[in-house]
Amino acid sequence: MSSKMFSSHLLTRSLHSSCQFWKKFPQSLKGKSVAEQRWLVRQLNDPFVKEAKVKNYRCRSAFKLLEIHEKYKILQPGLRVIDCGAAPGAWSQVAVEKVNSDKADLEAPVGFVVGVDLLQITPLEGAQFLPNTDVTNSTTINKLCDLLPLQGADVILSDMAPNASGIKEMDHEKLISMCMSVLDLAHKVLQPGGTFLCKYWDGWQAPLLKAQLAKCFQHVKTVKPQASRQDSAEVFFLALRYKIK
Ligand SMILES: C[S@@+](CC[C@H](N)C(=O)[O-])C[C@H]1O[C@@H](n2cnc3c(N)ncnc32)[C@H](O)[C@@H]1O
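Numbering-wise (the numbering used here), the sequence shown opens with residue 31 and increments by one.
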């Protein structure tokens, strides 16, 4: 692999591995390539990485959801949330806090959070997890329905990302197809008026996904939070007020 390709691969990889950063950050940069050193130093200097550590979030991605919530108030006490691609669990932590599924506020309505991921997820008070579970698999809906309250879900979140190949167009198409699977899931469990937030990597199929969302939600917004790195292709669609049930 050429050094340019390696740098680009490392950058793409860094989008997915930053959550494991604290576990992996070495005491020394010795023996690391220039590209690896650059990535590690960026992590070390990233204010969101530092803040996540201070606030005890499992991953800096918590701030993306917090920022979107601050603006659009999508998570309220009592709401039922599905978190797709939940590991290591930072979005679920935010969801638990906001919907009060851990009953931290005795006065407020109690919500519900279920997180799904291909990976294991460390338990979290106020959340249930379906680890080793593929959101895009047709049997996952049954497992989710076994856990969800009868009425279904009010909010579906997806921060899922496939293992990136480094081939931009292929990775983009794969993630859009995963978002479409989450939309299928929404058609089965999302309540009228519900909210859908999904991450995608920008590319030619993004308008197709947006058009699908626009058919069944009253508003579809394209959101790029400050906490999302400017050099990343990552963007979010926030679809509000689900119309079909
Ligand atoms: C960027 S991480 C999510 C971080 C998470 N939102 C948090 O705040 O902790 C993306 C996750 O998507 C998961 N993922 C990828 N494909 C998936 C699939 N088909 N089903 C379930 N999870 C998937 C990965 O295992 C990975 O943990």
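The beta-carbon is built from N, C-alpha and C at its ideal position, and this holds for glycine as well.
Since we're looking at a predicted model, the values are computed, not measured.
Looking at the DSSP output, Lys240 sits in no beta bridge, so it has no partner there. For Thr163, the closest C-alpha among the options Asn172, Ala157, Val111 and Gly156 is that of Asn172. Three or more Cβ pairs closer than 8 Å define a contact, and the region 211-227 meets that threshold against the region 181-197. In the three-state reduction of the DSSP assignment, Tyr272 falls in the strand class, which pools E and B. With a 10 Å radius around the Cβ and a threshold of 16 neighbouring Cβ atoms, Gln67 comes out exposed. Sequence-distant Cβ neighbours of Cys209 in its own chain, meaning closer than 7 Å and more than five residues away, are Ser188, Cys228, Tyr230 and Leu239. Per DSSP, Leu160 is one residue of the beta strand (DSSP E) stretching across Ala157 to Leu160. Within the model, the alpha-carbon separation for Cys89 versus Ile274 is close to 34 Å.
In this structure, Thr166 has its beta carbon less than 7 Å from a heavy atom of ligand 1. Of the heavy atoms belonging to ligand 1, at least one sits nearer than 7 Å to the Cβ of Ser91.
In the three-state DSSP reduction, Thr252 falls in the strand class (E or B). Separation of Asp232 and Ile98 (C-alpha to C-alpha, rounded to the nearest whole angstrom) is 18 Å. At a cut-off of 4 residues, the continuous stretches assigned as alpha helix (DSSP H) that sit fully inside the region 170-223 are 170-177 and 198-219.
Relative to ligand 1, the beta carbon of Val219 is positioned no closer than 7 Å to any heavy atom.
Residue Ser122 holds the alpha-carbon nearest to the alpha-carbon of Phe93 among Ser122, Gln106 and Gly108. DSSP lists Val146 and Ser188 as the bridge partner or partners of Cys114. Relative to the Cα of Asp147, the nearest Cα in the group Thr166, Ala134, Glu137 and Val129 belongs to Thr166. In the three-state reduction of the DSSP assignment, Val126 falls in the helix class, which pools H, G and I. The residue from Met190, Glu137 and Leu243 with its alpha-carbon nearest to that of Asp214 is Leu243. With fewer than 16 other CB atoms across the displayed protein chains lying within 10 angstroms of its CB, Met200 is exposed.
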